[in-house]
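Worksheet: one structure, shown below.
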Amino acid sequence: MAQPVAYSYIRFSTKRQAAGDSLRRQTEKARAYARKHALRLDERLSYQDLGVSAYDQSNSERGQLAAFLQAIDEGVVKSGSYLLVEQLDRLSRAKPLVALRQLEGIISAGVIVVTLDDERVYDSEASEDMGTLFLSLAMMYRAHNESQTKSIRIHAAWQAKRDRREPVITAECPRWLRPKADRSGYELIPEKAESVRRVFELTIAGYGNVALARRANREGWPHPGDADKWNQTIITKLIANRAVIREYQPHVRKEGKRVPQGEPWKDYYPRVVSDEVFALASAAKAQRARVPGRRDRHYKNIFQGILVCGTCGGSFVRKNKHSNKQPNYSLYMCARRVSGVTKCSSINGQQLEINLLTNIYLEGYSHMRTDEEAEALRARLTLLTTEQAATQQRIQRIADAIEATDSPMMYERLTDAEGKLTAIKEDLRKTEHAMGELRLAERNVGTMMQTTFTEDYNRIQDESEVEFRAQLREKVLSVVNRIVIYPDSFAAVLFYRHTGEPALQPLSTDFDISDEPPLLSSARAVFSRLESN
5 MAQPVAYSYI RFSTKRQAAG DSLRRQTEKA RAYARKHALR LDERLSYQDL
55 GVSAYDQSNS ERGQLAAFLQ AIDEGVVKSG SYLLVEQLDR LSRAKPLVAL
105 RQLEGIISAG VIVVTLDDER VYDSEASEDM GTLFLSLAMM YRAHNESQTK
155 SIRIHAAWQA KRDRREPVIT AECPRWLRPK ADRSGYELIP EKAESVRRVF
205 ELTIAGYGNV ALARRANREG WPHPGDADKW NQTIITKLIA NRAVIREYQP
255 HVRKEGKRVP QGEPWKDYYP RVVSDEVFAL ASAAKAQRAR VPGRRDRHYK
305 NIFQGILVCG TCGGSFVRKN KHSNKQPNYS LYMCARRVSG VTKCSSINGQ
355 QLEINLLTNI YLEGYSHMRT DEEAEALRAR LTLLTTEQAA TQQRIQRIAD
405 AIEATDSPMM YERLTDAEGK LTAIKEDLRK TEHAMGELRL AERNVGTMMQ
455 TTFTEDYNRI QDESEVEFRA QLREKVLSVV NRIVIYPDSF AAVLFYRHTG
505 EPALQPLSTD FDISDEPPLL SSARAVFSRL ESN
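Written out as structure tokens, the structure is:
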């Protein structure tokens with residue numbers, strides 16, 4: 005008779021435990037049991053989740069336990085094999101019924117589970133024994149509660165630190181800061197903080213990550229980190245980093261990754277930019293991310309990504325055709341025509357740009373509806389902020405009750421409250437983002453009204469005015485969603501972002517006013533199709 009094969013599964017929750025005795029202890033127990041019961045311990049396929057949580061099911065979803073479960077499904081681990089674990093809580097610290105289903109799944113595949121601490125065997129026969137079933141449920145309940153209680157205590161500890169306003173937890177901080185000599189707080193490193201401010205200012209002005217990094221390297225801005233050169237990644241991280249508006253988010257490590265722990269601390273770091281600048285930069289970045297298409301290096305096409313061919317629905321692109329006889333001459337044409345797929349007509353660049361910008365400069369403000377939107381968003385923010393504070397207080401009360409009573413019902417209430425808090429935070433994030441986009445649009449339309457169209461159009465023709473073209477493109481994107489072009493009818497239909505209503509703009513004196521109704525109907529169909537994709 006073939007010698008039964010045994011596999012060991014070893015798990016502990018934190019990387020620090022690797023320096024202790026946990027790995028050696030669990031390994032030796034598996035070897036001793038295999039020797040005692042004449043099992044062949046296959047150490048080539050030893051499954052180890054070192055520093056991986058079983059409370060959030062990381063081990064069974066992404067870790068080595070997940071690999072073992074897959075090996076069972078694929079027949080690599082045969083029926084009649086043994087799985088050796090120190091205790092059942094090494095397999096799972098999830099909710100008891102979830103953990104029980106996992107254990108039953110392993111046993112039903114013919115694999116025998118042994119807990120090494122008490123040498124208890126869990127197999128198909130044991131699964132029918134009510135005493136064994138209740139014992140395993142009790143152990144799973146205890147393991148889950150221990151982990152949940154630990155999580156609650158960690159949360160409470162961070163809450164206490166926040167309440168005490170401890171000034172410096174660690175010397176590890178954003179690289180544009182340094183701890184004060186007396187460790188009473190942090191202070192800005194002036195030259196690095198100035199670099200961070202410029203990133204936010206130019207992001208609002210319309211610079212993308214590539215152009216911004218290129219400029220920072222060319223002008224030699226001090227890097228707010230440890231690197232020598234600027235790149236897209238650091239720009240992205242800075243725009244999203246709420247430390248610039250004084251927030252500190254405690255983190256813990258799970259599976260080697262930093263994940264947020266508890267609520268962010270307000271008014272902790274020195275301020276680098278205002279809340280409004282942070283919101284405007286976030287909105288500008290999100291606004292550009294919605295627009296497809298690669299941006300030209302010198303921002304010559306200020307409508308890139310929002311022009312659509314009314315004939316076939318393809319994108320409209322700008323092609324430079326200038327020569328000594330015709331400087332700054334360009335054509336806008338359907339990208340599908342460029343690819344040889346269609347024969348859609350093109351249109352003169354200057355003719356298109358002058359007419360579209362005239363409409364935006366003269367009509368843009370009337371399409372804003374900012375007062376109504378702002379009032380609704382402010383009311384929503386107030387409501388969500390109140391709900392967030394109330395839910396956080398409820399979570400703290402539940403945590404206190406668990407500490408006092410250890411009631412199972414309280415754990416369920418805590419889970420429900422934490423789920424509600426997560427949903428509120430996401431809703432709050434989206435509402436804050438919408439408010440930022442509205443502020444950006446108001447700001448951009450306001451600056452348009454302070455200048456004349458002719459003055460601005462002359463500036464965008466100047467080769468050296470790269471930054472101004474980037475700014476103008478940002479203004480256009482903040483008020484216009486799509487522009488549908490009909491070259492053969494000498495017309496364009498603009499869809500303004502905040503009203504969604506189409507506005508027809510003739511592109512030539514050859515435009516026939518009788519074409520307006522069918523063009524508007526066609527443009528609505530094109531817009532609806534694009535928005536639904």
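Take the sequence shown: its letter number 65 is residue 69 in our numbering, and every next letter is one higher. C-beta atoms are modelled at their ideal positions from N, C-alpha and C, and glycine is treated no differently.
Practice prompt. To the nearest angstrom, report how far apart Arg222 and Ser278 are at their CA atoms.
Written response: 27 Å
Practice prompt. Specify, as a first and last residue, the run of the alpha helix (DSSP H) that Pro194 falls within.
Written response: 194-209
Practice prompt. Measure the C-alpha to C-alpha separation of Ile239 and Val321 and round it to an integer number of angstroms.
Written response: 27 Å
Worksheet entry | Between the CA atoms of Ala71 and Val497 - distance to the nearest angstrom | 56 Å
Fill in: the segment 301-314 touching the segment 269-278, judged by at least three CB pairs closer than 8 Å
no
Worksheet item: Mapping DSSP to helix, strand and coil, what is Leu511?
Response: coil
Worksheet item: Mind checking whether Leu120 and Tyr37 have CB atoms under 8 Å apart?
Response: yes
Practice prompt. Starting from Val117, trace the beta strand (DSSP E) both ways and give me its first and last residue.
Written response: 116-119
Item to complete: Could you please give me the residues that DSSP links to Ile487 through a beta bridge?
Response: Leu311, Leu498
Worksheet item: Can you give the Cα-Cα distance for Ser199 and Glu176, rounded to whole angstroms?
Response: 20 Å
Discussion item. My output table needs one value for Ala185: the three-state DSSP class, helix, strand or coil.
Written reply: coil
Worksheet item: If we count Cβ pairs, one from each stretch, closer than 8 Å, do we get three or more for the segment 355-364 versus the segment 457-465?
Response: yes
Worksheet entry | Contact under 8 Å by Cβ, Ala445 with Arg501 | yes
Discussion item. Just to confirm the assignment: which complete alpha helix (DSSP H) runs, minimum length 4, are found wholly within the segment 454-481?
Written reply: 457-465
Worksheet item: From this set, Asp186, Lys33, Leu69, Phe204, which residue's C-alpha is nearest Asp122's C-alpha?
Response: Lys33
Item to complete: Return helix, strand or coil for Ser532, following the three-state DSSP convention.
Response: helix
Worksheet item: Alpha carbon to alpha carbon, how far is Leu481 from Met439?
Response: 16 Å
Item to complete: Run the CB neighbour count on Ala383, radius 10 Å, all protein chains shown included, and call it buried at 16 or more, exposed below.
Response: exposed
Item to complete: Return helix, strand or coil for Pro268, following the three-state DSSP convention.
Response: coil
Worksheet item: Where DSSP assigns a beta bridge to Ala10, which residues make up the other side?
Response: Leu45, Tyr86
Practice prompt. Quick one: which unbroken alpha helix (DSSP H) runs of 4-plus residues sit fully inside the segment 335-371? Chain order, please.
Written response: 339-342, 353-367
Worksheet item: Who are Met324's beta bridge partners in DSSP?
Response: The sequence as given places Asn at residue 324; Met does not occur at that position. Asn324 pairs with Ser334.
Worksheet entry | DSSP state of Glu191 mapped onto helix, strand, coil | strand
Discussion item. Using a 10 Å radius around the Cβ and a threshold of 16 neighbouring Cβ atoms, would you call Leu476 buried or exposed?
Written reply: buried
Item to complete: List the endpoints of the continuous alpha helix (DSSP H) containing Arg219.
Response: 213-223
Worksheet item: Residues in its own chain within less than 7 Å of Ser128 by CB, not counting five upstream and five downstream?
Response: Ile111
Worksheet item: Looking at Ala209 and Glu478, is the spacing between their C-beta atoms short of 8 Å?
Response: yes
Practice prompt. May I ask you to report which of helix, strand or coil DSSP gives Val276?
Written response: coil
Fill in: Inter-residue spacing [alpha-carbon to alpha-carbon] between Gln355 and Lys196
45 Å
Worksheet entry | Limits of the alpha helix (DSSP H) - the one that Gln236 falls within | 236-244
Item to complete: Can you tell me which of the three DSSP states Val125 falls into?
Response: strand
Worksheet item: Closest to Lys184 by CA distance: which of Tyr273, Ala10, Ser319, Gly318 is it?
Response: Tyr273
Worksheet item: Given Glu377, which residues of its chain have a CB within under 6 Å of its CB, disregarding the five upstream and five downstream residues?
Response: Leu442
Discussion item. Helix, strand or coil for His227? Go by DSSP, reduced to three states.
Written reply: coil
Practice prompt. Alpha carbon to alpha carbon, how far is Tyr13 from Arg28? Give it in angstroms, no decimals.
Written response: 13 Å
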